[in-house]
Each structure stands twice: as structure tokens, then as C-alpha cells.
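What follows is a single structure, written as C-alpha cells, with notes after it.
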Amino acid sequence: MRMKYVLSEVLVGLWRNVTMTIAMIITMAVSLTMLGASGLMYRQVDDMKDLYYKNIEVSIFLKTDVSQPQIDALKTKLAGDPLVKETVYVDKQEAYKRFQEMFQDAPDLISAVKADSLPPSFRLKLVNPEQYKDIYNQYKGAEGVDEIVDQSKLLDKIFDILSSIQNIALAAAAVMAIAALLLVANTIQVAAYSKRREVAVMKLVGASNWFIQAPFVLEAVVAGLIGSLLGLVALIAAKYLLFDGSLKALQGLLSPISWGDIMFMFPLMAGVGGVISAVTAWVTLRFYLRV
Amino acid sequence: MTVMIEARNAMFSFGRTPALRGASIAVDAGEILAVMGPSGSGKSTLLHCLAGILVPDSGEILFDGARVDSMTETERSSLRRDRFGFVFQFGQLVPELTAAENVALPLLLSGVRRTEALRKAYGWFERLGLDGMEQRRSGELSGGQAQRVALARGLVAGPEVLFADEPTGALDSLTGEHVMELLVTAAREQGTTVILVTHEPRVAAYADREVIVRDGRVNAPERIAP
Chain A
0 MRMKYVLSEV LVGLWRNVTM TIAMIITMAV SLTMLGASGL MYRQVDDMKD
50 LYYKNIEVSI FLKTDVSQPQ IDALKTKLAG DPLVKETVYV DKQEAYKRFQ
100 EMFQDAPDLI SAVKADSLPP SFRLKLVNPE QYKDIYNQYK GAEGVDEIVD
150 QSKLLDKIFD ILSSIQNIAL AAAAVMAIAA LLLVANTIQV AAYSKRREVA
200 VMKLVGASNW FIQAPFVLEA VVAGLIGSLL GLVALIAAKY LLFDGSLKAL
250 QGLLSPISWG DIMFMFPLMA GVGGVISAVT AWVTLRFYLR V
Chain B
0 MTVMIEARNA MFSFGRTPAL RGASIAVDAG EILAVMGPSG SGKSTLLHCL
50 AGILVPDSGE ILFDGARVDS MTETERSSLR RDRFGFVFQF GQLVPELTAA
100 ENVALPLLLS GVRRTEALRK AYGWFERLGL DGMEQRRSGE LSGGQAQRVA
150 LARGLVAGPE VLFADEPTGA LDSLTGEHVM ELLVTAAREQ GTTVILVTHE
200 PRVAAYADRE VIVRDGRVNA PERIAP
């Protein structure tokens, strides 16, 4: 009887105030979608960091008038440096070749630049890309060195932007979560008010608090879980329509989002949706279920 | 006679509005007591304090020698479930349950098996002239029928005290008298103590004793039946 009563109360509760229930589910779904999307972005950015940092280089540009002994000395020093994993020397001719490839769409620029005006350089791959500062300090004053450029500095800027987007998505999820919480609280208050007589009777006949509160709490949990399911559908649609659709051309730049990544987010969304709804409903009832 | 339930100098306020200002009352085991008084005098608040629904701001409530006012909410819930019964002005049946399930509710909540609880509940339908109403829901019952179902629910678990707050207030006089006769007969058969809040002298006449609550205080008891 107990379980039957509780479950029938949940269904009646959800249906009795259907517009409020729909509003609660939609708000919850939007909030959880934002949460899931920001979770995916965290994973995505971490993957991208791994991918990009693995391939970044530190470039030591030499003066255009650098002498061969200075180049040789640097080569020897770099070969024995424990911070450096790999060194490639790019002479003026190679640098010009790369320049031509890079600016093949701008023939005027190519014709204006001569091979002699491009500096030779060393392209380094570091054992640990974060030790750029040590390399910089070691080589900045070396004979023949003009400038040291670390690509990770550029990447940091990109990742700063991505981090900001992540934070904005999280902030939006938090704001939506507050709206969802208020809606859950309001819906439960309305439900508790409309059932105040039944609640009073149940209290009088000695029903425990959990027995009285269970239908209301479960009602909120069901709405939260439906919201998380809708959030999952939204993420699937985003992958299908955006990442595998209009953003497909960027697949070389963006690390791919797998179906596994999306499914991994569902327990998080369902857990957050369910727990937050349950706690909100329970706290609300503490104030409103007094005989 | 043994005192079954007692309030000693109970004070209770709703916010800043005092409802009880030092109410004291003692009810003997098996006694039927009528609590009368004008609207807003505090008689229902006194009943709620005695039943452990409200906890007085100060003063003591004793049931069978134990302090109800210092019990936890869980202990008071189990007291209401296992040792008290309730009947109110409007039957206040749970609309999702059948009449039989409503009657069986206190037993089901006490963990009695469903078949056993319903068997006991069905016995009360016959006793209160409600044969054939067992599967009806509250919307399908008349006021008098619903009140008798509520009475059956109040008595089904064999409570030691039955709290009745204006049990005939929503009924016509004939039906009200019928319900009162059933209530008094059943209570006497079971030896149940009854605390009956009413403002109708006709209803109070069924009691052994009558007290008047005025401005949150109980006046000197007056015995109206031997």
C-alpha cells in the first residue's frame, strides 16, 4: 500500500499542476544541458591541450649576421641540454621555403622578401613544454641569438579564451540552476498547499515525516530526471547537428567529441538534477508541511 | 479513576497571538469530556497540544504519566499512530484511497499486513452501518457517511484516547446525533477516553463532563453526568 500510495501521489502531483511541472522540467533541462556542455568543454579543452602542447615548439631566432661558429656552438649546447627533446635547425633557405608555403596566397609579399632577410632559427621540442622560461633564461643572452618565441604563449591565449567560455557556460548553468531550484521550490509549495488537508490527515494518523514527504520529493526527482534526459537529448542533437554537421570542417582543430563523452555526462546531469531536486523539495517541505 | 491525559499550565502562541494562557485539564481513563467555548477561545489549540500535534511554549502535557511535550516528533508520530485516534469536522479522508483503505490507514502505517488491516476495517463498516461503501472514494460518500468512515478510522486501531474536533459540525442535526451515538457507543465498548471539542450543547450532552475554554484558560470543571 505504501509504495502504491507514494507512486500514485507522485503521478497525481505531476499531473495536477502540469504547466508548473513542464516549466520546472524545461528549466531543469536547460540548466543541465549547460552543465553537461560545460563538462564536455572541460574534457574537450583538456584533450586539445594534450594535442597541441605535444606539438608546440620554441623557436630561437638568430641574428641575420650570425656566424657559423656561433651556430655550431648553439647546436652543441642544445644537443646536450636535458630540457630539450628535439632540435631542428632551419637555415635561411629553409625559412624562405616555409615562408613561401605559408604565404602562397600572397605573391606580392613573397616577391618583396628575399631569403637573405629571413633569420635562421632553431626549432625546439621541449621535454616539458612548461619549462619554456628556463630555456629563455639560458639562451636569451647567447651569442648570435636575436629572439626566442614560445608557441605555448600563443596557445595560452587561446586556452584562456576557451576557459572563459567554459566559465561563462558554468555561470549560465549556475544561474539557470538557481531558476530551476526556485521553480522546484515553488512547485512543491503549491503541491503541498493543495494537499494540505491530506497531509494533515496523514500526520494525524501518525504517518512519519518521510512517508508524507516522499511523494513530493519523488515528484521533484522525477521532474529532475526527465530534465536530465531532455538535456542528454539536447547534447546528442548538438553533437549530431554541430560537431558532426556544420562544424565538421574544424575537426582538425577541435578534438573530436565521442558518443562515449556524451554518455559519460548523463550520470552527472541525472545525479545533479535528481539530488538538487530532492534536496530542494525536502528543504521546502521542512517549512511548509506543518500541521 | 486514573488520569489518562493531562495539561498543566500549558501556554501556546501563534506568533504574537496567545492561544493558550496557562490551560490546565485532566481527563480520566474511559471518560468522555466535552470541551466547549466560543470561537477563538483556544479549545482546538488545547486539543492539538494534548494530542501532541502542537508542542506548548511552556507547561506540561502528560499522557499515561509520560511527558508528551518533551517527546521528539517521531515519538509523537508513533503515539498518534498507535495510541490516539482522531475525528475532525470534515471527515478529511485521503481522496486517493478507498473508504476501506482510509479506515485501515492507521493499521497500515503501523505495519499491520494489508489483508489483516482491511479485514479489521471491513468489520467497522458493518458496525457503523456502512455496508457496501468499502470501495467508494471520499467523493462518492455523503457528509454523514464520510464522517462515519472517519470515525471508523479513528477507532480501528483501538486507541486509548480519541480526539474529536467538532465531529458533527458539518452534519445536519439528525445525522450529527447518529454519528455521536455511534461514537459514544464505540468508545464505551472499547473503553476509549474521548476528548470532544464542540460548541453545540446537544453534542456536549453526550459527554460525562464538560469544561469551558475562555481566553486560553480552562474554567473549573463541571460534572454533568454521573
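Chains as they are written, first to last, in numbering that gives the first Met the number 0: chain A, 0 to 290; chain B, 0 to 225. Every residue gets a Cβ at the ideal spot worked out from N, C-alpha and C, and that includes glycine.
Taking Cβ-Cβ distances shorter than 7 Å, what residues in chain B pair up with residue i?
i: arginine 196 of chain A; result: Gln91
i: glutamate 8 of chain A; result: Glu95
Would you report the Cα separation of residue i and residue j, rounded to the nearest angstrom?
i: leucine 92 of chain B; j: glycine 138 of chain B; result: 9 Å
i: aspartate 145 of chain A; j: isoleucine 157 of chain A; result: 26 Å
i: glycine 270 of chain A; j: valine 221 of chain A; result: 12 Å
i: lysine 124 of chain A; j: leucine 39 of chain A; result: 29 Å
i: serine 120 of chain A; j: serine 58 of chain A; result: 7 Å
i: threonine 20 of chain A; j: glutamate 56 of chain A; result: 55 Å
i: glutamate 180 of chain B; j: leucine 228 of chain A; result: 57 Å
i: valine 148 of chain B; j: glutamate 159 of chain B; result: 19 Å
i: serine 207 of chain A; j: threonine 114 of chain B; result: 22 Å
i: arginine 42 of chain A; j: glutamine 150 of chain A; result: 22 Å
i: alanine 25 of chain B; j: alanine 28 of chain A; result: 58 Å
i: asparagine 218 of chain B; j: glutamine 88 of chain B; result: 24 Å
i: phenylalanine 98 of chain A; j: isoleucine 109 of chain A; result: 8 Å
i: valine 102 of chain B; j: tyrosine 121 of chain B; result: 8 Å
i: aspartate 49 of chain A; j: lysine 152 of chain A; result: 15 Å
i: valine 212 of chain B; j: isoleucine 177 of chain A; result: 48 Å
i: valine 155 of chain B; j: alanine 28 of chain B; result: 18 Å
i: isoleucine 225 of chain A; j: serine 172 of chain B; result: 52 Å
i: threonine 71 of chain B; j: serine 57 of chain B; result: 16 Å
i: valine 87 of chain A; j: serine 162 of chain A; result: 32 Å
i: proline 266 of chain A; j: isoleucine 235 of chain A; result: 14 Å
i: glutamine 231 of chain B; j: leucine 182 of chain B; result: Outside the shown range of chain B, which is 0 to 225, sits residue 231 of chain B, and nothing can be said about it.
i: glutamate 95 of chain B; j: threonine 174 of chain B; result: 25 Å
i: asparagine 16 of chain A; j: threonine 186 of chain A; result: 8 Å
i: valine 65 of chain A; j: tyrosine 135 of chain A; result: 19 Å
i: glycine 235 of chain B; j: glycine 110 of chain B; result: What is shown of chain B runs 0 to 225, which leaves residue 235 of chain B out entirely.
i: aspartate 207 of chain B; j: arginine 187 of chain B; result: 11 Å
i: phenylalanine 11 of chain B; j: phenylalanine 263 of chain A; result: 55 Å
i: aspartate 71 of chain A; j: phenylalanine 102 of chain A; result: 30 Å
i: alanine 224 of chain B; j: glutamine 212 of chain A; result: Confidence is the limiting factor: at alanine 224 of chain B the pLDDT is only 47, short of 50, which leaves the residue's position unreliable, though a coordinate-based value still follows. Alanine 224 of chain B and glutamine 212 of chain A: Cα-Cα distance of roughly 44 Å.
i: alanine 65 of chain B; j: arginine 118 of chain B; result: 32 Å
i: alanine 6 of chain B; j: arginine 196 of chain A; result: 27 Å
i: threonine 63 of chain A; j: isoleucine 160 of chain A; result: 35 Å
i: aspartate 46 of chain A; j: aspartate 107 of chain A; result: 39 Å
i: methionine 33 of chain A; j: valine 112 of chain A; result: 49 Å
i: asparagine 54 of chain A; j: tryptophan 14 of chain A; result: 56 Å
i: alanine 172 of chain A; j: glycine 259 of chain A; result: 22 Å
i: proline 200 of chain B; j: methionine 23 of chain A; result: 51 Å
i: valine 174 of chain A; j: isoleucine 261 of chain A; result: 22 Å
Please list the partners that residue i has in chain A, where partner means a Cβ-to-Cβ separation under 9 Å.
i: glutamate 199 of chain B; result: Those within 9 Å of glutamate 199 of chain B in chain A number zero; the least Cβ separation is about 22 Å.
i: leucine 173 of chain B; result: Result: empty, since nearest Cβ-Cβ is about 26 Å, beyond 9 Å.
i: arginine 7 of chain B; result: Residues of chain A passing the Cβ test: none, with the nearest at roughly 23 Å.
i: phenylalanine 85 of chain B; result: Val200, Leu203, Val204
If the cut is a Cβ gap below 9 Å, which residues of chain B does residue i touch?
i: asparagine 208 of chain A; result: Glu72, Thr73, Ser76
Run down chain B in chain order and give the residues with a C-beta less than 8 Å from the C-beta of residue i.
i: alanine 199 of chain A; result: Gln91
i: valine 11 of chain A; result: Glu95
If you check the beta carbons only, do residue i and residue j fall under 9 Å apart?
i: leucine 73 of chain A; j: proline 118 of chain A; result: no
i: leucine 140 of chain B; j: alanine 185 of chain B; result: no
i: alanine 9 of chain B; j: glutamate 209 of chain B; result: no
i: phenylalanine 85 of chain B; j: methionine 3 of chain B; result: no
i: glycine 205 of chain A; j: glycine 272 of chain A; result: no
i: alanine 78 of chain A; j: alanine 237 of chain A; result: no
i: alanine 219 of chain A; j: valine 183 of chain A; result: yes
i: isoleucine 275 of chain A; j: leucine 180 of chain A; result: yes
i: leucine 6 of chain A; j: leucine 284 of chain A; result: no
i: alanine 116 of chain B; j: leucine 127 of chain B; result: no
i: glutamine 189 of chain B; j: glycine 168 of chain B; result: no
i: alanine 191 of chain A; j: phenylalanine 210 of chain A; result: no
i: methionine 201 of chain A; j: leucine 31 of chain A; result: no
Which residues of chain A have a Cβ atom closer than 7 Å to the Cβ of residue i, listed in chain order?
i: arginine 187 of chain B; result: Ordered by position in chain A, no residue passes the 7 Å Cβ test against arginine 187 of chain B, which lies about 23 Å from the chain.
Against residue i, what residues of chain A qualify as contacts under a CB-to-CB distance less than 8 Å, listed in chain order?
i: arginine 135 of chain B; result: The premise fails here: arginine 135 of chain B is roughly 17 Å from chain A at the closest Cβ pair, so nothing lies under 8 Å.
i: arginine 79 of chain B; result: Lys202, Leu203, Val204, Gly205
i: proline 105 of chain B; result: Val204, Gly205
i: arginine 152 of chain B; result: Val204
- prompt: What are the start and end residues of each continuous beta strand (DSSP E) run of 3 or more residues lying completely inside the stretch 39-111 of chain B, in chain order?
  reply: Qualifying beta strand (DSSP E) stretches, in chain order: 57-62, 83-87.
message: Tell me whether the stretch 33-50 of chain B and the stretch 190-198 of chain B touch, counting them as touching only if at least three CB pairs, one residue from each stretch, are closer than 8 Å.
response: Between the stretch 33-50 of chain B and the stretch 190-198 of chain B, the count of C-beta pairs closer than 8 Å reaches three or more; the two stretches touch.
- request: Could you tell me whether the stretch 235-250 of chain A touches the stretch 279-286 of chain A, where touching means 3 or more Cβ pairs closer than 8 Å?
  value: no
Cβ contact check for the stretch 127-144 of chain A and the stretch 91-106 of chain A: 3 or more pairs under 8 Å: Touching, no, given that fewer than three Cβ pairs across the two stretches are closer than 8 Å.
message: Check whether the stretch 94-110 of chain B and the stretch 129-137 of chain B touch, using three or more Cβ-Cβ pairs below 8 Å as the test.
response: yes
task: For the stretch 16-23 of chain B and the stretch 38-47 of chain B, state whether three or more C-beta atom pairs, one from each stretch, are separated by less than 8 Å.
output: yes
task: Only counting runs of 3 or more residues, tell me where the beta strand (DSSP E) segments fall wholly within the stretch 165-230 of chain A, in order along the chain.
output: none
message: If we require 3 or more residues per run, which beta strand (DSSP E) segments fall completely within the stretch 129-192 of chain B?
response: 160-164
message: As an exercise, report each continuous alpha helix (DSSP H) stretch of at least 4 residues that is fully enclosed by the stretch 73-104 of chain A, in chain order.
response: Here the runs fully enclosed are 91-101.
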